[in-house]
Amino acid sequence: MKSVPPIHQLPAPFRLKRLLPVVLLLSAILASLYVAQHWYQHASQRIEQESRETVGVLMRQLQDILSERLVLDNLSQAKARLSATALHPRINTLILADEQHQVIFANRYLWQGQDAARVSGYRPREADEAMGRDQHRIELNEAGTVLSGYFPLVLDLTHGSLRGLKRGTLYVEFDMTAPLAAARSEAVEESLKTGALAVLGALLLSLLLDLWVTRRLQRISAAARRLGEGHLNERIGMAGDDEIATLARQFDETAASLARKQDALQQADAQLQEHVQFMHTLIEAIPSPLFYKDAQGRYVGCNEAFLTYLGKERHELLGKSVYDLAPQELADIYAAADRQLFDNPGKQVYESQACYADGSKHDVIYNKATFMDAEGRVAGLVGVMVDITERKRQEEELRLAAKVFDTSNEAFLVTDADNNIRSVNRAFCETTGYSAEEVLGRNPRLLSSGHHDKTFYRQMWEALNSQGYWQGEIYDRRKSGEIYPKWTRINVVKDDQGRVVNHVAVFSDISDRKALEERLQFLAQHDHLTGLPNRNLLRLRLEQAVESAMERGAGGINPVALLLLDLDHFKTINDSLGHHAGDQLLRTVVKRLKNILRESSTLCRQGGDEFLIVLPQAQDLARVSRAAETVLAALATPFEVDGHPLSITGSIGISLAPDDGSDFDTLLKKADTALVHAKQSGRNAYRFFTEAMNVSTLERLTLQQRLHQALERQELVLYYQPQLDLASGRVVGVEALLRWRTPEGLVPPGKFIPLAEETGLIVPMGAWVIQEACRQARTWLDAGLPPMTMAVNLSALQFHRDNLLITVGDALSAASLPAASLELELTESILIQDAEATLATLKAMNAMGVLLSIDDFGTGYSSLAYLKRFTVDKLKIDQSFVRDITSDGDSAAIVRAVVQMASSLKLKTIAEGVETESQAAALRATGCDEVQGYLYARPMPAAECEAYLRGKA
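Here it is in structure tokens:
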């Protein structure tokens, strides 16, 4: 505890001898300032009051005289009287102003006729207020030196030079500067007198205090300093009855008490030193690390064993916490245990780890207990560490060995030197069906299945005796009698003298693995969905059949037929009903085909909806044809999948060995070529491969290569077919139709559009069509043609693969074309594929303002459900219904139904392929809105179409 410094060591500003005069002097100064301020304030108030009274008397006198002289029209006397009054030494300004605040008379001649506010401090608002109340007004300026007075005059003059003047205002500025200055001088004089008296009194009082207080306090301070230095016999011995003498006597009593207590403490300290030495010897005699901490968890001592464990000196430990000595994760554990012990004083035992000086972690048990101070409060704790690392390692090894033995998935069997079973584990019992009690003490031959002969066992024992190890596959018998395969490893265990003490066999049941191998072998050669042979197995069987036919060909070779079957429009079923329904349909098709094919035939699923059929010894083409017709007839009967009746057809391509080739790849390639021709002929048909097909395929390949370059060579052009309002005959739009102009002439759309769809070229071609159609529509608008819609067909592939929204947006932006001028025609197949994504795209198109129509409505999956979900603007009636509208009652009924439905849904209808007046009349009768067809105009280039449009405008 720090002692209080004596008075003579205090800083000079805080010594009483010097501080008191300063305080008294400051008090004298403040008193003189107060007197000056009070004197001046009283004088200034008196001067202001006297000035107000003087101004009031002067102005009232002047009011009376001016009123009398002005009524008598004696202006000269009025001016003279005003000038005489203005001669008062404290009047700076004196003005008589009229109701418009213009100067009539003033103490300065040049002000006459001027605006009073401009030549003086006159304020019209205060003047008006004084006249309005008919009461004078006197105000003091902000500086407090000038009084401004407004005194109203009621004149009502009816003659003379000022006739018509009813009211006026006397304005006066009365200066108080001189008397206020005199008052300030008087205040300063009084302040100096008061200050001088106060300073004299302060000096006298300071002298008296120094003699009576300061010197006596210095004696007390000097005694306190010596007491603080350890001189407990120091006494003051000051006489008197005042407060300072009383303080000195109390000091002497305190010093005497401290001397007595010091003697007692010295005796207690000697006893404590003896006790501490004993405890230190006892603690060091304990072999385990021992430590003790204070109530804040800081180390206050330990034995040498604890320092050895830490690898630190004693001074490095004292005052430190566990966080200074142990890793963070261990320190957290120690600190939490200490807190728990301090919260619940007593004993504590727990297991943890300790980090030794070499960095290794040991398992330890901590035994700790709290100790109390003299007042019964917890003062700290003492703890002892017991290292149990080695004991735990041995226990863990035993536990782990037992755990591995008992929980291993592999079966363990241990025999003695005489080959009697001594131990088995849980897996052994589960695998063999025997309990441990049933096999202990018996020979392992009880597991023998009889599958292996004596030679097998003799070779096994020879390996064990020579190498001490054997492994291999053994078939054993379970308790139930079931024979099963197992993979076994046997080791010989010997003692230090090399004598056999045990045989340890470890085995596992490999039944599942062998079954899996057989299953994998099956899956490697079969289709996982249908169980049919796959392409690899069929390749092997086909080549075997061809090789066998060639070997028997001395008397004429029976051809081997390869049929490639593809299910028509299978993708539509997958898209509409889901892949689960498609998979179920494939399995049902396979079951039906198996029922009609001979056992010698091989049916294989190549992938997707394609199947391969091998007909060995086909004998002749007629038999192969009958087989193909049987397959197509089997498919003609509707299938039922998940409660849905489904009709499906197939197309078949056929190649024959050895005429069309003798290896699998060649035959498959030619069967695929034949399949393409079967599909091109209208599907639900079969075709044999011919060399002419090869020529057609080459032509198709050439066309495909040229189509890839068509965009780059700018060979693609758009033709336009007008669309007319059926009622008025007015052109309301055009449909953009893609054409391919090559150096040899136009390629028919039916020839290159399907090829573009198949190769994916329809996507960039479709994007070009949208851009070019928007550009042409803008060109016609700029040329002065009336606004109309530009209809563009969309491919399903383009809709789902291309970033259609960006393509359309860019085309409209580049052409500066209103979105409502573009109409996109969608096929019904687009709407049933990925309905959620389609709905999102159509909503975005609607938001852009693009018009949407459904092309060839009525020929596909016409559904009111998607008309309700998808917002479209127009339905396009397929030309197949228009063609027969006058001759076929069903076609006419369908057209009427479509038109009526569209009208109910507030959709427009347009009929395509109108070629005769009778068709147009029939459509008009149904209420159809719009038409297009050869009756009105054929598709034509842009220039011709523009001429047509101008003729119709």
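Counting from 149, one number per residue, gives the positions in the sequence shown under the working numbering. Even glycine gets a Cβ: it sits at the ideal position worked out from N, Cα and C.
- By the Cβ-count criterion, Arg753 is buried, with 16 or more other Cβ atoms from all chains shown falling within 10 Å of its own Cβ.
- Glu196 places its beta carbon less than 8 Å from that of Met324.
- In the DSSP annotation of this structure, Pro272 is not part of any beta strand (DSSP E); the continuous alpha helix (DSSP H) holding it starts and ends at Pro272 to Arg281.
- Between Met938 and Glu973, the beta carbon gap of about 11 Å keeps them out of contact (Cβ cut-off 8 Å).
- The residue among Arg887, Glu499, Ala393 and Arg878 with its C-alpha nearest the C-alpha of Arg364 is Ala393.
- Here Ala1045 is exposed: its Cβ has fewer than 16 other Cβ atoms, across all protein chains shown, within 10 Å.
- The region 732–739 and the region 786–804 touch, with three or more beta-carbon pairs separated by less than 8 Å.
- When only Cα atoms are considered, Asp282 and Ala335 end up about 40 Å apart.
- In the displayed model, Glu621 falls within a strand according to three-state DSSP.
- Straight-line measurement puts the Cα of Leu933 at about 33 Å from the Cα of Gln1048.
- Counting along the chain, Tyr834 sits inside the beta strand (DSSP E) bounded by residues Tyr834 to Phe836.
- When rounded, the separation of the alpha-carbon atoms in Pro902 and Gly1037 is 32 Å.
- DSSP places Asp411 in the helix class (H, G or I) of the three-state scheme.
- Looking at Ala693, Leu769, Pro935 and His379, the one whose alpha-carbon comes closest to that of Asp400 is His379.
- By alpha-carbon distance to Val1079, the top candidate from Ala1090, Glu1063, Glu1094 and Glu758 is Glu1063.
- Close CB contacts of Ser231 within its chain, under the 7 Å cut and outside five residues either way in sequence, are with Asn255 (chain order).
- Distances from the CA of Leu855 to each of Leu894, Ser333, Leu909 and Leu804 were compared; the closest alpha carbon is that of Leu909.
- Contact check for Ser180 and Gly343: beta-carbon distance about 3 Å, within the 8 Å limit, so the pair qualifies.
- Taking 8 Å as the cut-off, the beta carbon of Ala176 is found closer than this to the beta carbon of Val347.
- According to DSSP, residue pairing for Gly893 in a beta bridge involves Thr890.
- Inter-segment contact for the region 249–265 and the region 282–295 is absent: fewer than three beta-carbon pairs are separated by less than 8 Å.
- Note on geometry: alpha-carbon atoms of Leu295 and Phe322 lie some 5 Å from one another.
- Comparing C-alpha distances from Leu210 to each of Ser268, Gly316 and Ser799 shows the shortest one belongs to Gly316.
- In the DSSP assignment, Cys450 falls within the beta strand (DSSP E) that extends over Tyr447 to Cys450.
- Relative to Glu274, the option among Thr293, Tyr257 and Ala245 whose CA is nearest is Ala245.
- The Cβ atoms of Ser469 and Arg487 lie no closer than 8 Å to each other.
- By the Cβ rule, the region 212–227 does not count as touching the region 186–204, because fewer than three pairs are nearer than 8 Å.
- Spanning the alpha carbons of Asn639 and Ala584 requires a straight line of approximately 21 Å.
- Looking from the CA of Tyr298, the closest CA among Arg687, His249 and Gly531 belongs to His249.
- Note: Asn941 is bridge-paired with Glu973 in the DSSP secondary-structure output.
- Comparing C-alpha distances from Gly893 to each of Glu863, Glu905 and Leu874 shows the shortest one belongs to Glu863.
- The Cβ atoms of Gly531 and Lys516 lie closer than 8 Å to each other.
- As computed with DSSP, Pro493 is found in no beta bridge at all.
- In chain order, Ile796, Thr797, Gly798, Ser799, Lys827, Arg831 and Asn832 place their CB closer than 8 Å to the CB of Asp716, counting only its own chain and leaving out the 5 sequence neighbours on each side.
- Here Leu288 is not near Ser192, since their CB atoms are 8 Å or more apart.
- Of Ser810, Ser597 and Lys662, the smallest CA-CA separation from Gln692 is found for Ser810.
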